[in-house]
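**Student:** Just dropping this structure here.
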Amino acid sequence: LSSRAVYSNHWALKVSGGAREAARLASRYGYVNLGQIGSLDGYYHFYHSKTFKRSALKSRGTHTFLSMDPKVEWVQQQEVKKRVKR
Amino acid sequence: HTWTEPHFMNFSDLMWPSMWYLHCSDKNHRCRSEMNVLAAWHRGYTGKNVVVTILDDGVEKNHPDLVQNYDPLASYDVNGGDDDPTPRYDISNENKHGTRCAGQVAAYANNSHCVVGIAYNAKIGGIRMLDGDVTDIVEAKSLGIRPDHIDIYSVSWGPDDDGRTVDGPGPLAKAAFEQGIRKGRNGLGSIYVWASGNGGREGDYCSCDGYTNSIYTISVSSTTENGNKPWYLEECASTLATTYSSGAFYERKIVTTDLRQRCTDAHTGTSASAPIVAGIIALALEANPHLTWRDVQHLIVKTSRPTHLKAPDWKINGAGRRVSHLYGFGLVDAEGMVLEARKWKTAPAQHVCTATSDRKHRFIRAAQPVQMSTLTDACADSFDQHVAYLEHVVVKLSIQHPRRGDLQIYLTSPSGTKSQLLARRAYDLSSEGYENWEFMTVHCWGEKAQGEWTLEIHDNSSLLRIPEMQGKLKEWTLILYGTAKPPFSTLNPHHSQSKVQESGMDMEASRAALYQSHLELTEEEEDYLGPCHPECGDQGCDGPGADQCLNCVHFSLGSAKSGRKCVSMCPPGFLADTVARRCKRCHKGCEACLGRSQNQCTSCKKGWFLHQEANTCGTVCPAGFYADEGLKHCLKCHQNCKQCIGSAEKCTACKDRFSLAGAMCIQECDQSMYLSLETMKCEACHPTCQTCTGPGKDECIYCAKDFHLHEWKCVPACSEGFYAEEVPGLPHKACRRCEENCLSCEGSGRNCVRCREGFNLLSGSCVTNHTCVNADETFCEMVKINLLCERKLFIHFCCQTCLLAG
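Line by line, the protein sequences are chains A and B. Position 62 of the first sequence, counted from 1, bears residue number 726 in our numbering, the numbering being contiguous throughout. Position 694 of the second sequence, counted from 1, bears residue number 728 in our numbering, the numbering being contiguous throughout.
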């Protein structure tokens, strides 16, 4: 059996319009903007405190509205990956 | 093997005497200093001004062996969101991993503490990212922290090595890799060193780990003190090189720093190997800070050596380099790396050529391999895509399969180098298959890209499976990475001129060939005074290896571009030219040959078959021949067969005027004739038959003209109680029985003309002549109104009585 996905309360987004637009989106839809993802231009890290930290189901509701915002080019709820030390 | 220590150094560090993989202080053990780290140190390279970070569970920054080299700018805590990578301490010391890896790279030397790091003057940092939920964001952030400050990212983790996981970087981590190699190190490219995997015991294969299988990572495997395969080693074609780590219980492990300011001599696993390579790369970067991420991979390929490493699959690729699925190009050589780095000229731009993209669906049947070949010019017409000299080769596959672990995949290059992209994984029962999975091989590094590539997919079922459930190849794409020009020049004009003059025109062929490949090494190097390899000839050598001879006792093998070495006999696929004392490559597919032409093969390599009449080797046999796997020959099919498979008698297509019966081709006979299996001649059918299977009158297939088929015989007229009827699809009529109680009928069964005794003829049917006792007027009225006497089912229903009654 393949292991089922575990969804976290973190989102990755590609936003057109830079940091200011990312801040506006976070505020409008109730997220905390944790900033740009590393050195990937236009990619931002959002966090939602009122969503389950780990869930077997993808979140919907307001998260759907976020994905529909015209300034959001791509959005992905983050899955928890199993990583092991070698 | 060396028993002496030419570059002896001593340090005050307590565990320095136990660092068996660096020097030989223990006279009871064989020296294992083949990584030549001391020699690199001796040349002055200790990792100065090079920055390494460890992506792991944190680094104990105040460890006495690390504090002096600790670099806060090379550190970050992704789990905690701050700059301090200090591990979380617990009773089990779970988070010791990063600190152990850091010590291997950059433990400070001569401080009377634990050990000496491979790059003991390099800057070391830690990125704490494994002590929490790992997501694509966490990985992408970690792989892209301060890419202009950090030179080397050393990573010793990955997806589960349980033999059933197929997982790799998500879109953000992939983007981080691409960004790192394009923009990191101010455009030279970040260097990612990766532990190849720890799932040997679970039958895992590292091509199922998308990180270690990536072209952007330097995938490192491990060997034990005695050159054996450790229990945890995963094989795959993307492993670039190997280093010592731990092994069996009677072989020594790696010594390094440990959590809580301690030291350990029990570090084990592939993570003991990757940081060693990270340290050696740090030495090379000190020797030449302008090396790009690809230059580093070229240097590793060029300098790593099989030494004494035991693997069943060592082979020489088309560029003359020995490579294995266990160890890549072999044990890393620190001195070789710094020497090559010093004079390395940046490799030409990387070109990417999509050689083929095939979306034709093909079923993968159990025990019947699917083989596809594609001929490519390696984008020769496109100046920015042309790949003449190979680096990485990627095959992107989409496969549906009921049990993924049963699959095995191989790729053969135009030079005949066969690498295994996937081995059987007994624990992988998944039915998810592979969706656009990229399998990567480094085994063709340096070879020419142009020519025929062959992909083979085997489905070797280990357990019972529903036979109807077959795998299906949906798509495959071959992507070639490399350069249009040679990645390094093999000829130094200054040296070539002087050396050639010195040697004169009559320099023997083997020496000339070897000479050319070593011209580049002569620059800046001291004369070698040690013993030469036994295969070296009277001209001496530049070093102890068989690839460092100036001429050979027996034969030289390889090419000027890729380097040559001396061998006692030529390997399969080569012709021993005793005059020139060279191994000449036979034509592709030939195992032994009389010359280099296509039609001079005397035997063929595995998977190729000798056409004895043409003396050629092919992967498929021509029409009229079949491939004999045992003999590796194309043998003739039976004279009646046009094509056959497996043996001469197993025909799959027949010549004209023969037709296939099972696996035999039998002669087709004229009409009214049949093939006699006794005489194997066509003989006449019985006169009543048009076609037949034998001479008897009951062996007709079709009847002759004006004959009807009656009880499997052909008769001129049907017997009494039968009538002749047309049958769709038959050229003649067949006799059918008349209706029950009817003695004779005409044209159809319902048209009876004579009934059995006790029955009367009524509207072509035979009805009983018995009368009903209770058929009163009302009853007969009901029979009349409902027309029961006209309906076959009710014809016996007192019709006779009612008719008689009027």
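For every residue, glycine included, the Cβ atom is placed at its ideal position computed from N, Cα and C.
Near B/Pro605, what residues of its chain come up, given a Cβ to Cβ distance below 8 angstroms and the 5 sequence neighbours on each side ignored?
**Tutor:** Position 571 of the second sequence, counted from the start, is the residue given in the question as residue 605 of chain B. Here the set comprises Ile350, Leu591, Cys617.
**Student:** Following the continuous alpha helix (DSSP H) through B/Phe211, name the residue where it begins and the one where it ends.
**Tutor:** As a first step, residue 211 of chain B is located in the second sequence; it is residue number 177 there, counting from the start. B/Phe211 -> alpha helix (DSSP H) spans 205 to 217.
**Student:** Checking contacts by CB at 7 angstroms: is B/Asn232 closer than that to chain A?
**Tutor:** Reading the second sequence from its first residue, position 198 is the one you call residue 232 of chain B. Judged by the 7 angstroms Cβ criterion, B/Asn232 is in contact with chain A.
**Student:** Tell whether a beta-carbon distance below 7 angstroms holds between B/Asp238 and B/Pro193.
**Tutor:** As a first step, residue 238 of chain B is located in the second sequence; it is residue number 204 there, counting from the start. As a first step, residue 193 of chain B is located in the second sequence; it is residue number 159 there, counting from the start. No; because the gap between Cβ atoms is not below 7 angstroms, this pair is not in contact.
**Student:** If you run the structure through DSSP and keep just helix, strand and coil, what is B/Asn155?
**Tutor:** Working through the second sequence from its first residue, we reach residue 155 of chain B at position 121. Correct three-state label for B/Asn155: coil.
**Student:** Sorted by chain position, which residues of the same chain lie with C-beta nearer than 7 angstroms to B/Cys583's C-beta, five sequence neighbours on each side aside?
**Tutor:** Residue mapping note: residue 583 of chain B aligns to position 549 of the second sequence, counting from 1. Only Leu548, Cys566, His567, Glu569, Cys570, Gly571, Cys575, Cys600 meet the Cβ criterion.
**Student:** Would you list the residues sitting across from B/Val427 in a DSSP beta bridge?
**Tutor:** Residue mapping note: residue 427 of chain B aligns to position 393 of the second sequence, counting from 1. Paired residues: B/Thr475, B/Leu514.
**Student:** Check the C-beta distance from B/Gly370 over to B/Thr337 and give it rounded, since I have them as a contact under 8 angstroms.
**Tutor:** Within the second sequence, numbered from 1, the residue matching residue 370 of chain B stands at position 336. Within the second sequence, numbered from 1, the residue matching residue 337 of chain B stands at position 303. Taking 8 angstroms as the upper bound for CB-CB distance, B/Gly370 and B/Thr337 are in contact here, some 3 angstroms apart.
**Student:** Please decide whether B/Ser305 counts as near chain A, where near means a Cβ-Cβ distance under 7 angstroms.
**Tutor:** Taking the first residue of the second sequence as 1, we reach residue 305 of chain B at position 271. Chain A contact via Cβ: present.
**Student:** Hey, how far is the Cα of B/Trp348 from the Cα of B/Arg356?
**Tutor:** Locating residue 348 of chain B in the second sequence gives position 314, counting from the first residue. Locating residue 356 of chain B in the second sequence gives position 322, counting from the first residue. It is roughly 6 angstroms from the alpha-carbon of B/Trp348 to the alpha-carbon of B/Arg356.
**Student:** Excluding sequence positions up to five away, which residues of its chain have a Cβ less than 6 angstroms from the Cβ of B/Asn127?
**Tutor:** Taking the first residue of the second sequence as position 1, residue 127 of chain B is located at position 93. Correct list, in chain order: Leu293.
**Student:** Below 8 angstroms between beta carbons is the criterion; list the residues of the stretch 184 to 195 of chain B that meet it against any residue of chain A, in chain order.
**Tutor:** Ser190, Trp191, Gly192, Pro193, Asp194, Asp195
**Student:** Roughly how many angstroms lie between the CA atoms of B/Cys748 and B/Asn803, to the nearest whole one?
**Tutor:** Numbered from its first residue, the second sequence carries residue 748 of chain B at position 714. Numbered from its first residue, the second sequence carries residue 803 of chain B at position 769. Each residue's alpha carbon lies about 37 angstroms from the other.
**Student:** Regarding B/Phe45 and the ligand PLP, is the C-beta to nearest heavy atom distance less than 6 angstroms?
**Tutor:** Ligands are entirely absent from the displayed structure, and the ligand PLP is therefore not among its contents.
**Student:** If we define contact as Cβ-Cβ less than 7 angstroms, is B/Val168 a contact residue for chain A?
**Tutor:** Position 134 of the second sequence, counting from 1, holds the residue named residue 168 of chain B. Output row for B/Val168: interface = yes.
**Student:** Please list the partners that B/Gln213 has in chain A, where partner means a Cβ-to-Cβ separation under 7 angstroms.
**Tutor:** Sequence index remark: in the second sequence, residue 213 of chain B carries index 179 (1-based). Per Cβ cutoff of 7 angstroms: Ser703, Leu704.
**Student:** Put B/Val254 into one of helix, strand or coil per three-state DSSP.
**Tutor:** The sequence position of residue 254 of chain B within the second sequence is 220, counting from 1. Reduced to three states, the DSSP call for B/Val254 is strand.
**Student:** Ordered along the chain, which non-local residues of its own chain (more than five positions away) have a Cβ less than 8 angstroms from that of B/Ala682?
**Tutor:** Locating residue 682 of chain B in the second sequence gives position 648, where the first residue counts as 1. Closer than 8 angstroms at Cβ, skipping near neighbours: Tyr660, Leu669, Lys670, Cys671, His672, Cys675.
**Student:** Which residue marks the beginning of the alpha helix (DSSP H) containing B/Gly137, and which one marks its end?
**Tutor:** Within the second sequence, the letter at position 103 stands for residue 137 of chain B. Counting along the chain, the alpha helix (DSSP H) containing B/Gly137 begins and ends at 131 to 140.
**Student:** By alpha-carbon positions, which one of A/Tyr708, A/Asp733, A/Gly702, A/Gln741 ends up nearest to A/Phe721?
**Tutor:** Position 57 of the first sequence, counted from the start, is the residue given in the question as residue 721 of chain A. Checking the sequence shown, residue 721 of chain A turns out to be Leu, not Phe. A/Leu721 has its Cα closest to that of A/Gln741, out of A/Tyr708, A/Asp733, A/Gly702, A/Gln741.
**Student:** Of all Cβ atoms in chain B, is any one closer than 7 angstroms to the Cβ of A/Ser719?
**Tutor:** Translated into the one-based positions of the first sequence, residue 719 of chain A becomes position 55. Taking Cβ atoms only, chain B never reaches closer than 7 angstroms to A/Ser719, which makes this a no.
**Student:** Can you say whether B/Phe211 is buried or exposed, counting buried as having 16 or more other CB atoms within 10 angstroms of its CB?
**Tutor:** Position 177 of the second sequence, counted from the start, is the residue given in the question as residue 211 of chain B. Label assigned to B/Phe211: buried.
**Student:** Excluding the five sequence neighbours on either side, which residues of its own chain have a C-beta within less than 7 angstroms of the C-beta of B/His97, listed in chain order?
**Tutor:** By 1-based counting over the second sequence, the position of residue 97 of chain B is 63. Excluding positions up to five away in sequence, the list reads Thr133, Thr291, Gln295.
**Student:** The alpha helix (DSSP H) with A/Ala669 in it runs from where to where?
**Tutor:** Within the first sequence, residue 669 of chain A is the residue found at index 5, counting from 1. The continuous stretches of alpha helix (DSSP H) do not include A/Ala669, and DSSP gives it neither H nor E.
**Student:** B/Asp91 versus chain A: which residues are under 9 angstroms apart at the beta carbon?
**Tutor:** Reading the second sequence from its first residue, position 57 is the one you call residue 91 of chain B. Going along chain A in sequence order, the residues near B/Asp91 (Cβ under 9 angstroms) are Lys749.
**Student:** According to DSSP, what are the bridge partners of B/Thr388?
**Tutor:** Position 354 of the second sequence holds residue 388 of chain B. In DSSP, B/Thr388 forms a bridge with B/Ile513.
**Student:** Classify B/Thr446 as buried or exposed, calling it buried when 16 or more other Cβ atoms lie within 10 Å of its own Cβ.
**Tutor:** One-based indexing of the second sequence puts residue 446 of chain B at position 412. By the 10 Å Cβ count, B/Thr446 comes out buried.
**Student:** Let's test the definition: count the other Cβ atoms within 10 Å of the Cβ of B/Trp378 and tell me whether it reaches 16, buried, or not, exposed.
**Tutor:** Taking the first residue of the second sequence as 1, we reach residue 378 of chain B at position 344. The residue in question, B/Trp378, is buried, as its Cβ has 16 or more Cβ neighbours within 10 Å.
**Student:** Which residue from B/Leu456, B/Ser464, B/Asp462 puts its Cα closest to that of B/Glu472?
**Tutor:** Taking the first residue of the second sequence as 1, we reach residue 472 of chain B at position 438. Distances from the CA of B/Glu472 to each of B/Leu456, B/Ser464, B/Asp462 were compared; the closest alpha carbon is that of B/Leu456.
**Student:** Taking 7 angstroms as the threshold (beta carbon to beta carbon), is B/His301 in contact with chain A?
**Tutor:** Start at 1 with the first residue of the second sequence, and residue 301 of chain B comes out as number 267. Cβ-Cβ to chain A under 7 angstroms: no for B/His301.
**Student:** Please decide whether A/Gln700 counts as near chain B, where near means a Cβ-Cβ distance under 7 angstroms.
**Tutor:** On the first sequence, residue 700 of chain A is found 36 positions in, with the first residue counted as 1. So no, A/Gln700 is outside the interface.
**Student:** Name the two residues that bound the continuous beta strand (DSSP E) containing B/Cys734.
**Tutor:** Numbered from its first residue, the second sequence carries residue 734 of chain B at position 700. Start and end: 734 to 737.
**Student:** Output the distance between the C-alpha atoms of B/Asn70 and B/Val366, rounded to the nearest integer angstrom.
**Tutor:** Against the second sequence, residue 70 of chain B aligns to sequence position 36. Against the second sequence, residue 366 of chain B aligns to sequence position 332. Taking the straight line from one Cα to the other gives about 9 angstroms.
**Student:** Which word fits B/Ser52, buried or exposed, when buried means at least 16 other C-beta atoms lie within 10 angstroms of its C-beta?
**Tutor:** To locate residue 52 of chain B, count along the second sequence from 1; it is residue 18. Buried, because 16 or more other Cβ atoms sit within 10 Å of the Cβ of B/Ser52.
**Student:** For the putative contact between B/Gly91 and B/Leu164, defined by C-beta atoms under 8 angstroms, what is the C-beta separation to the nearest angstrom?
**Tutor:** Within the second sequence, residue 91 of chain B is the residue found at index 57, counting from 1. Within the second sequence, residue 164 of chain B is the residue found at index 130, counting from 1. Here the sequence assigns Asp to residue 91 of chain B, which means Gly is not the residue at that position. Sure, about 4 angstroms apart at Cβ, within 8 angstroms.
**Student:** Checking contacts by CB at 7 angstroms: is B/Pro181 closer than that to chain A?
**Tutor:** Locating residue 181 of chain B in the second sequence gives position 147, where the first residue counts as 1. So yes, B/Pro181 belongs to the interface.
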